[in-house]
Structures are given as C-alpha cells and as structure tokens.
Amino acid sequence: MAGFALEDAGIKLLAPQMSLGLILIAEGVLGAVWFALAARRTGRPPLPLAAMSWTLGIRSGFELTGRLFYTLAVVFAPISLVSAILQATPLVVVPMAARMFGETVGIRRWAVILGGFVGVLIVLRPGLAGFSVTSALALVGMLGFAGRDLATRSAPPALSNDQLGVAGFGVLAVSGAVILGFSGLVAWPGLSGWALFAGLCVAGIFGYDALTRAMRTGDVGAVTPLRYSRLVFAMVLAVTVFGERPDLPMILGSLLIVSCGLVLLVPGRRSVG
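Heads up: take any position in the sequence shown, counting from 1, add 67, and you land on the working numbering.
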C-alpha cells in the first residue's frame with residue numbers, strides 16, 4: 068500500500084513535466100518486461116494460453132477502466148479525496164458478489180454497506196462545492212477496480228504472480244495509449260523528471276508484486292484489511308508533499324468508509340445477519 072501511494076504521488080508530481088499518456092505507457096511497458104523476465108526465470112511463459120480466456124479479458128477491461136479514470140483523478144483532484152473514494156471498493160464488491168455468486172449478505176452487513184456509502188456521499192458532497200468532475204473520475208475508477216476484483220475470483224488459478232504482473236502492467240500501458248490518443252500531448256521531462264519516473268516505477272512494481280504475493284500466499288482475511296493503510300500513506304503524502312488540508316467532512320467521511328469496510332471484512336468465515 069505504501070508503494071501504491073508513492074506511485075500515485077509520483078505520477079501527480081511528474082504530470083506537469085511529462086505527458087500522462089507517456090508516463091503510463093512507459094511504466095506499463097517497464098513493469099510488463101520486469102514481470103515477463105521474472106516469469107522466464109522460473110521457466111514459465113510471460114502470457115500463457117490461460118491468460119487469453121474470456122474471464123481474464125473481462126478482468127482486463129475492468130482494470131483498464133479503473134486505471135484510466137483513477138489515474139486521471141490522481142492528476143486533477145486532491146490525492147486525499149481520490150484515495151478516500153478508492154477505499155469504498157469493498158463496499159461495492161460485497162453486494163455485487165452476493166448477486167453474481169449467490170453469497171449470503173445479512174441485514175446487518177447491508178446496513179454496514181449503506182453506512183459506507185453514506186461516507187462516500189460525505190466525501191463527495193453531491194450538489195455542493197465539494198463535488199466536481201474530478202470526483203466523478205475517482206468514482207468511476209473505483210467502480211472499475213471493484214469490477215476487476217470480482218472478475219479476479221474467476222481468473223485461472225494456474226497463473227503465477229509474475230504472469231498476473233505482465234497482464235496488469237500491460238493494461239496500464241494500454242490505458243496510457245488511450246489517454247495519449249485523446250490528448251495528443253507529447254512532452255518529455257528533464258533529468259530530475261526521469262529520476263522521479265524511475266522512482267514511481269520502482270514503487271508501482273514493488274507494490275503490485277507485494278500485494279499479489281500477500282493475497283495469494285497469506286491469510287486473505289488478515290491481509291485485506293491492510294489495504295486501508297493506503298489511505299493513511301496517501302493522507303500523509305497529501306499534507307507533507309502537496310500541502311493539502313483535508314477538511315472535517317473529508318476526514319469524517321474517510322473514517323466512516325474505512326470503519327464500515329473493516330466491519331464488513333471481519334465476519335469473513337462466519338454468517339452475519
């Protein structure tokens with residue numbers, strides 16, 4: 068989560084110097100090459116036939132949506148606001164999983180989900196000065212990541228961490244190409260900009276690899292709540308690097324989203340409601 072927060076901050080800092088589309092294309096290609104080489108070292112192909120399934124194609128489509136809109140929101144909106152909205156992902160995944168996979172969601176869990184969405188509304192403040200188009204970008208990005216998480220449940224289990232990394236960073240490069248195609252803006256950074264680019268790439272690759280390993284080898288019930296630490300890292304960076312000052316509604320809404328998300332994850336192995 069620290070790696071992802073640093074990656075977001077790096078993209079936001081570098082965007083005024085380097086075209087956003089080029090940032091994502093370059094990072095996507097470098098990340099895909101890194102994981103492809105890692106797969107080769109273990110004797111596996113970078114993209115096996117299992118990666119060409121409809122399930123992974125749907126997952127990639129959702130991830131493309133999430134990457135595209137979330138990155139645009141990171142660049143144009145306060146990083147504290149974008150990170151807070153992203154924490155609502157489990158609140159979308161749980162009710163959708165209930166509908167798609169027949170999972171049971173009791174009345175108390177529905178109440179928690181509703182409370183989490185109230186937190187999102189507090190952060191977004193629809194109809195007031197706090198809501199903007201950039202808030203909508205973050206919201207669409209969050210929905211894209213929620214769809215990706217749902218599709219991941221049906222992804223072929225034979226795919227290794229490195230192969231998933233190739234697919235994930237390949238989608239990142241595609242999202243950059245989409246942005247570049249619409250903007251047509253090509254701008255290259257100076258020496259300091261390239262150093263910043265190298266740093267965000269290292270952070271992004273490390274974060275993706277660490278999260279994938281944690282989710283596939285650790286206790287998911289113990290690992291998943293730690294996703295919320297991303298908001299803590301993001302808030303620290305927002306205040307210290309970007310001079311943002313989250314107001315009371317932002318703080319209260321973020322606390323409500325995280326609290327409801329944690330309560331939602333706690334039941335895990337037992338029936339609730």
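The beta carbon of each residue, even a glycine, is placed where N, CA and C say it ideally should be.
Fill in: CA-to-CA distance, Val100 to Leu91, given in whole angstroms
Looking up residue 91 in the sequence shown gives position 24. Looking up residue 100 in the sequence shown gives position 33. As the crow flies, the alpha-carbon of Leu91 is around 14 Å from that of Val100.
Discussion item. Can you list, in chain order, the residues of its chain with a C-beta nearer than 6 Å to that of Cys268? Leave out the 5 residues immediately preceding and following it.
Written reply: Stepping through the sequence shown from its first residue, residue 268 is reached at position 201. Closer than 6 Å at Cβ, skipping near neighbours: Glu94 and Leu97.
Worksheet entry | Beta-carbon proximity list for Ile153, same chain, < 6 Å, skipping 5 on both sides | In the sequence shown, residue 153 corresponds to position 86, counting from 1. Reading off the sequence shown, one finds Leu at residue 153, where the question assumed Ile. Hits under 6 Å: Met209.
Practice prompt. Grab me the residues of Arg336's own chain with a C-beta within less than 6 Å of its C-beta, minus the 5 sequence neighbours each way, in chain order.
Written response: Here residue 336 refers to the residue found at position 269 when the sequence shown is read from its first residue. Below a pLDDT of 50, predicted positions are generally treated as unreliable, and Arg336, at 44, falls in that range; the measurement from the model is reported next regardless. Sequence-distant partners of Arg336 (beyond 5 residues in either direction) whose C-beta falls short of 6 Å from its own C-beta are missing from its chain.
Worksheet item: Between Leu188 and Arg111, what straight-line distance do the alpha-carbon atoms span, to the nearest angstrom?
Response: As a working note, residue 188 is residue 121 in the sequence shown. As a working note, residue 111 is residue 44 in the sequence shown. The alpha-carbon atoms of Leu188 and Arg111 are separated by roughly 46 Å.
Practice prompt. Could you give the DSSP three-state label for Arg126: helix, strand or coil?
Written response: Position 59 of the sequence shown, counting from 1, holds the residue named residue 126. For Arg126, the three-state secondary structure derived from DSSP is helix.
Discussion item. Measuring straight from C-alpha to C-alpha, what distance separates Val141 and Gly124?
Written reply: Position 74 of the sequence shown, counted from the start, is the residue given in the question as residue 141. Position 57 of the sequence shown, counted from the start, is the residue given in the question as residue 124. The alpha-carbon atoms of Val141 and Gly124 are separated by roughly 25 Å.
Practice prompt. Starting from the Cα of Lys79, find the closest Cα among Ala265, Arg108, Met119 and Ala144 and give me that residue.
Written response: Along the sequence shown, read from residue 1 onward, the residue named residue 79 stands at position 12. Ranking Ala265, Arg108, Met119 and Ala144 by CA distance to the CA of Lys79 puts Ala144 first.
Item to complete: In the DSSP assignment, find the unbroken alpha helix (DSSP H) run with Trp177 in it and report its ends.
Response: Against the sequence shown, residue 177 aligns to sequence position 110. Counting along the chain, the alpha helix (DSSP H) containing Trp177 begins and ends at Ile174 to Leu191.
Discussion item. Quick check on DSSP: helix, strand or coil for Gly257?
Written reply: Residue mapping note: residue 257 aligns to position 190 of the sequence shown, counting from 1. Looking at Gly257 - three-state DSSP - the assignment turns out to be coil, as it is neither helix nor strand.
Worksheet item: Apart from the five residues just before and just after Leu214, which ones in its own chain have a Cβ nearer than 6 Å to its Cβ?
Response: In the sequence shown, counting from the first residue as 1, residue 214 sits at position 147. In the sequence as presented, Leu is not what sits at residue 214; that position holds Gly. Around Gly214: Phe129.
Item to complete: Taking all protein chains shown into account, decide if Pro83 is buried (16 or more other Cβ within 10 angstroms of its Cβ) or exposed.
Response: Within the sequence shown, residue 83 is the residue found at index 16, counting from 1. The residue in question, Pro83, is exposed, as its Cβ has fewer than 16 Cβ neighbours within 10 Å.
Worksheet item: With DSSP run on the structure shown, which of helix, strand or coil describes Asp276?
Response: Against the sequence shown, residue 276 aligns to sequence position 209. Three-state result, Asp276: helix.
Worksheet item: Can at least three beta-carbon pairs, one atom from the region 147–165 and one from the region 231–244, be found at a separation below 8 Å?
Response: no
Discussion item. Just verifying my parser: in three-state terms, what is the DSSP assignment at Asp314?
Written reply: Position 247 of the sequence shown, counting from 1, holds the residue named residue 314. Looking at Asp314 - three-state DSSP - the assignment turns out to be coil, as it is neither helix nor strand.
Fill in: 8 Å contact criterion, which Leu206 and Gly183 should meet: CB distance rounded
Taking the first residue of the sequence shown as position 1, residue 206 is located at position 139. Taking the first residue of the sequence shown as position 1, residue 183 is located at position 116. 14 Å between Cβ atoms; not a contact.
Practice prompt. Kindly indicate which residue of Val149, Val160 and Ala254 has the alpha-carbon position closest to the one of Ala203.
Written response: On the sequence shown, position 136 is the one that residue 203 refers to. Among Val149, Val160 and Ala254, the Cα nearest to that of Ala203 is on Val149.
Discussion item. Let me check understanding here. Comparing Cα to Cα, which of Ala76, Ala69 and Leu81 lies closest to Gly257?
Written reply: Against the sequence shown, residue 257 aligns to sequence position 190. Minimum Cα distance to Gly257 is reached at Leu81.
Worksheet item: Would you say the beta carbon of Ala164 comes nearer than 8 Å to a heavy atom of the ligand SAM?
Response: With respect to the ligand SAM, the structure offers nothing, as it holds no ligand at all.
Discussion item. So for Ala342, helix, strand or coil by DSSP?
Written reply: Outside the shown range of the chain, which is 68 to 340, sits residue 342, and nothing can be said about it.
Fill in: Residue environment, Asp75, which counts as buried when at least 16 other CB atoms sit within 10 Å
Your numbering for residue 75 matches position 8 in the sequence shown. With 16 or more other Cβ atoms within 10 Å, it is buried.
Worksheet item: If you draw a straight line from the C-alpha of Leu116 to the C-alpha of Phe236, how long is it?
Response: The count along the sequence shown starts at 1 and reaches residue 116 at position 49. The count along the sequence shown starts at 1 and reaches residue 236 at position 169. Taking the straight line from one Cα to the other gives about 18 Å.
Practice prompt. Kindly indicate which three-state DSSP category Ala165 falls into: helix, strand or coil?
Written response: Along the sequence shown, read from residue 1 onward, the residue named residue 165 stands at position 98. Helix.
Discussion item. Tell me the rounded alpha-carbon separation between Ser338 and Leu131.
Written reply: One-based indexing of the sequence shown puts residue 338 at position 271. One-based indexing of the sequence shown puts residue 131 at position 64. For Ser338, the predicted model reports a pLDDT of 39, less than 50, meaning its position is unreliable; a value from the coordinates is still stated below. Distance between the alpha carbons of Ser338 and Leu131 is about 34 Å.
Worksheet item: To the nearest angstrom, how far is it from the Cα of Phe273 to the Cα of Ala301?
Response: For the purposes of this step, residue 273 is taken as the residue at position 206 of the sequence shown. For the purposes of this step, residue 301 is taken as the residue at position 234 of the sequence shown. Phe273 and Ala301 have their C-alpha atoms roughly 17 Å apart.
Practice prompt. Could you work out which residue in Leu139, Trp121 and Ile324 is closest to Leu239 when comparing CA atoms only?
Written response: The residue given as residue 239 occupies position 172 in the sequence shown. Comparing Cα positions, the closest option is Leu139.
Fill in: Run of the alpha helix (DSSP H) containing Ala76, from where it starts to where it stops
Residue mapping note: residue 76 aligns to position 9 of the sequence shown, counting from 1. Start and end: Ala69 to Leu81.
Worksheet item: Starting from Val96 and walking both ways along the alpha helix (DSSP H), at which residues does that stretch end?
Response: Position 29 of the sequence shown holds residue 96. Boundaries of the alpha helix (DSSP H) around Val96: Leu87 to Arg108.
Discussion item. Check this for me: beta carbons of Leu293 and Ala281, under 9 Å apart or not?
Written reply: Numbered from 1 along the sequence shown, position 226 holds the residue referred to as residue 293. Numbered from 1 along the sequence shown, position 214 holds the residue referred to as residue 281. A Cβ-Cβ contact shorter than 9 Å links Leu293 with Ala281.
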